[in-house]
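Going by this note's numbering, the sequence shown opens with residue 2, and the numbers climb by one from there.
Structure, as structure tokens:
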Amino acid sequence: MENNPKYLRLVKAAVLANLLRIVKILGQLGRKKSLNKQVNFDCAPLRSPQQQDFEKDIKLESKAEARVDKGITNAKDSVRLPWEGDKLRNSNAELAEKLIPEAQLKRLRSAALRMVERIKVGSGGVTQELVDSIQVKWKVDEIVKLRFEGPPSHNMKRTHDILEHRTGGLVIWRSGSSIVLYRGISYKLPCVQSFTSKNHDVDESEYPNKDSCQSLGVKCLNEAAERPRNGSTDLSSEEIVDLRELNMILDEVGPRFKDWSGREPLPVDADLLPAVVPGYRPPFRRLPYGAKLNLKNKEMTYLRRTARIMPPHFALGRNRQLQGLAAAMVKLWRRSAIAKIAIKRGVLNTSNERMSEELKVLTGGTLLSRNKDYIVFYRGNDFLPPRVTEALEEAERKSDFLQDQEEQARQRAVTSIDSDTRAPKRPLVAGTLSETMAATSRWGNQPSIEEREKMMRDAAVARHASLVKYLEEKLALAKGKVKKAENMLRKLQENREPSELPTDLEILSAEERFLFRKMGISMKPFLLLGRRDVFDGTIENIHLHWKYRELVKIIAERRNTAQIKHIAITLEAESGGLLVSIDKTTQGYAIILYRGKNYQRPNEFRPKNLLTKRQALARSIELQRREALKHHITALQDKIQNLKSELEDTNMVEEIDEETLFSRLDASDDEDDMEKQFDAEDQN
């Protein structure tokens with residue numbers, strides 16, 4: 002019977018059931034000792050030589066046993082199977098579950114579920130006002146239910162820790178943005194009743210004011226830095242030293258903002274700083290030699306990234322009257338190049354734009370970034386250290402004092418010297434008629450009217466000749482541009498090898514031509530021939546039309562009939578079809594092409610001997626440029642010819658007046674504008 006496989010399976014099943022019972026008992030015992038204790042066991046069966054024949058069955062059973070081996074007891078004293086997960090979900094109120102008995106915790110949670118009244122917490126977070134209201138509520142009820150809205154609800158774990166730290170209570174339930182806070186088992190004891198006042202005193206002594214720090218020295222600052230808040234206990238030694246230095250700097254600047262819910266250190270409360278500082282003025286600034294006032298893009302990016310990971314130095318909640326904050330920022334800039342300001346949450350009518358504008362005027366710093374949460378200022382490249390500032394201000398005061406002394410000495414010298422001026426014996430003649438006549442007799446006679454007219458005619462003839470020369474230069478320049486356009490056209494035409502008309506064309510009778518013409522004109526689908534004229538894409542579209550219909554209608558917007566005929570012949574030769582008719586319609590000239598009775602689709606729709614779409618556009622531009630230049634050259638030649646004829650005619654030269662000459666010069670200015678337009682097109 003021992004070698005019977007069925008008997009062996011039954012024995013294994015019995016052993017497995019006993020092991021499961023043992024695991025359950027051990028789980029119950031372990032739960033009494035500690036919470037969430039895991040029990041691992043190994044129940045792999047021993048193999049005997051007699052079981053070698055049943056190796057396959059044993060492997061399957063061992064896999065099943067291994068799955069059971071991975072099970073551990075959960076909170077309900079049952080075996081947790083492997084597919085249910087390896088780790089149990091951590092409770093949100095783990096500390097409360099360890100400190101409060103299970104029966105009392107269950108009672109408190111049941112009372113919290115029946116509780117209707119709750120305290121709504123806005124974007125301000127855990128403030129001193131909220132802590133006071135919770136303390137008042139605890140005098141009546143054991144638990145307080147809170148619901149957070151806004152930024153505090155984004156990180157409820159941190160809000161949970163801050164709430165327990167500030168109030169001294171225990172969070173017994175947390176779900177979503179709701180928290181139930183328990184006042185504690187020993188809340189009514191005298192030592193616990195004094196917790197609020199002591200905690201308040203500790204908060205005040207944690208960040209002492211400037212006078213106390215100056216009296217106690219570095220020891221006071223180190224003690225304040227050695228009492229970190231939640232979230233800053235796992236810092237390295239270097240980070241702790243930096244935190245101490247930053248606390249020391251901020252303690253010298255002003256009082257701290259105790260309702261700050263962010264990370265260490267607590268920022269300075271800018272609202273407690275004086276709104277108006279008597280005698281305040283922006284700091285003295287001088288740009289060092291070789292330095293630039295504006296920041297480069299890389300420098301700006303580096304400073305912004307550095308400020309992103311920095312804790313804020315100030316917390317601000319008002320828009321105007323920021324002289325106290327400006328003075329504190331200048332004081333901070335002596336030790337740090339960046340000043341970061343946090344905007345208080347929950348404060349109404351705050352505008353980061355107004356704050357940044359006010360601070361920029363008061364401090365003269367460089368604004369790095371601003372948003373609804375933070376404002377970051379850089380002290381600027383022209384910010385000077387205190388000693389250099391004092392030296393420069395002292396030198397400036399000395400120079401002003403010396404200038405005042407020199408001015409006073411000059412005034413005393415002027416008053417002490419008597420005036421030696423004497424009255425003139427004869428009347429002054431400056432600006433009188435006698436002075437003008439004396440100057441005329443001394444420097445010669447003025448030119449007569451005839452001489453002036455002759456000089457004006459000579460000047461007009463000279464300007465006339467210079468105008469002709471200028472127009473000739475423009476003519477030479479236009480001819481050079483025409484040659485350039487022709488060279489470009491020649492290069493483009495090298496890529497084009499037009500096909501010739503076949504000699505064995507089909508013949509259309511008069512009736513067929515009339516019928517095809519009537520059908521083609523009445524066709525709705527058509528091809529529009531634009532400024533590119535005939536290129537490989539046009540022939541491809543014609544063959545695509547011929548795939549479904551025998552006729553194709555092409556609309557060409559041209560005013561010249563000769564160009565239309567040339568285009569029609571080119572289309573007939575390149576496509577291999579038959580030209581039916583050319584008719585003028587409201588849309589333009591309609592060219593009707595018939596594919597022929599023996600039409601066969603070509604292997605390639607795009608012929609290789611024609612220009613591409615891009616080359617056709619370039620050819621159109623060069624043709625347009627050449628045509629415009631030819632009209633321009635013709636106008637210049639006519640104008641030059643007219644001016645030369647006027648110069649040759651002496652009688653015409655004598656009758657030239659200034660008005661005619663200026664009108665011609667204005668016309669030449671119009672030619673200059675046209676020339677500039679041609680230059681711009683040539684560059685494009």
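The beta carbon of each residue, even a glycine, is placed where N, CA and C say it ideally should be.
Around the Cβ of residue i, are there at least 16 other Cβ atoms within 10 angstroms (buried) or fewer (exposed)?
i       : result
His-632 : exposed
Lys-475 : buried
Tyr-549 : exposed
Trp-334 : buried
Asp-270 : buried
Pro-284 : buried
Phe-384 : buried
Gly-325 : buried
Ile-593 : buried
Leu-171 : buried
Tyr-281 : exposed
Tyr-303 : exposed
Trp-444 : exposed
Gly-577 : buried
Pro-448 : exposed
Lys-554 : buried
Met-438 : exposed
Helix, strand or coil for residue i, going by three-state DSSP, please let me know.
i       : result
Ala-343 : strand
Tyr-590 : strand
Phe-285 : coil
Leu-600 : Strictly speaking, residue 600 in this sequence is Tyr, with Leu absent from that position. Coil at Tyr-600, not helix or strand.
Leu-20  : helix
Ala-414 : helix
Phe-527 : coil
Tyr-303 : helix
Ala-308 : helix
Glu-56  : Caution applies to Glu-56, whose pLDDT of 48 falls short of 50 and renders its modelled position unreliable; the value that the coordinates give is listed next. It is helical.
Lys-640 : helix
Phe-402 : helix
Ala-557 : strand
Asp-584 : strand
Asn-248 : helix
Ala-104 : helix
Met-116 : coil
Lys-373 : coil
Can you pull the DSSP bridge partners for residue i?
i       : result
Tyr-595 : Leu-552, Leu-579
Tyr-379 : Ile-339, Thr-367
Phe-149 : Val-122
Tyr-183 : Ile-144, Leu-171
Leu-317 : Ile-344
Val-269 : Arg-257, Phe-315
Ser-176 : Ser-179
Phe-384 : Arg-286
I believe residue i touches residue j by the beta-carbon criterion, under 8 Å. Please report the beta-carbon distance rounded to the nearest angstrom.
i       : j       : result
Tyr-595 : Leu-612 : Not confirmed; about 25 Å, so no contact.
Glu-473 : Ile-634 : The Cβ separation is near 12 Å, so there is no contact.
Pro-313 : Glu-265 : About 11 Å; that fails the 8 Å criterion.
Ile-568 : Leu-530 : 7 Å
Ile-173 : Tyr-183 : 5 Å
Glu-501 : Ala-574 : 6 Å
Glu-623 : Met-489 : 5 Å
Ile-339 : Tyr-379 : 6 Å
Asn-320 : Thr-351 : 7 Å
Arg-533 : Ala-479 : The Cβ separation is near 26 Å, so there is no contact.
Phe-527 : Ile-556 : 5 Å
Is residue i near the ligand FMN, judged by its Cβ being under 6 Å from some heavy atom?
i       : result
Gln-406 : Of the ligands one can find in the structure shown there are none, so the ligand FMN has no counterpart to examine.
### Query
Is the number of C-beta pairs between the region 293 to 303 and the region 318 to 331 that are closer than 8 Å three or more?
no
### Task
Please determine if the region 235 to 252 and the region 115 to 132 are in contact, where contact requires at least 3 C-beta pairs separated by less than 8 Å.
no
### Message
Within 8 Å, do at least three Cβ pairs link the region 373 to 387 to the region 344 to 359?
### Response
yes
### Task
Flag this pair as touching only if the region 447 to 455 and the region 581 to 589 have three or more C-beta atom pairs under 8 Å; answer yes or no.
no
### Query
Are the region 179 to 187 and the region 144 to 154 in contact at 8 Å, needing three or more beta carbon pairs?
yes
### Query
How about the region 122 to 131 and the region 250 to 270: do they share at least three Cβ pairs that are nearer than 8 Å?
yes
### Query
So does the region 353 to 366 actually touch the region 387 to 400, counting three or more Cβ pairs closer than 8 Å?
no
### Message
Could you check whether the region 385 to 394 touches the region 350 to 359, counting it as contact only if at least three pairs of C-beta atoms, one from each stretch, sit closer than 8 Å?
### Response
no
### Task
Indicate whether the contact test is met: 3 or more Cβ pairs, each with one atom in the region 479 to 498 and one in the region 560 to 570, closer than 8 Å.
no
### Message
For the region 604 to 618 against the region 534 to 541, do three or more pairs of beta-carbon atoms, one drawn from each stretch, fall closer than 8 Å, so that the two count as touching?
### Response
yes
#### Entry: the region 102 to 109 touching the region 149 to 163, judged by at least three CB pairs closer than 8 Å
no
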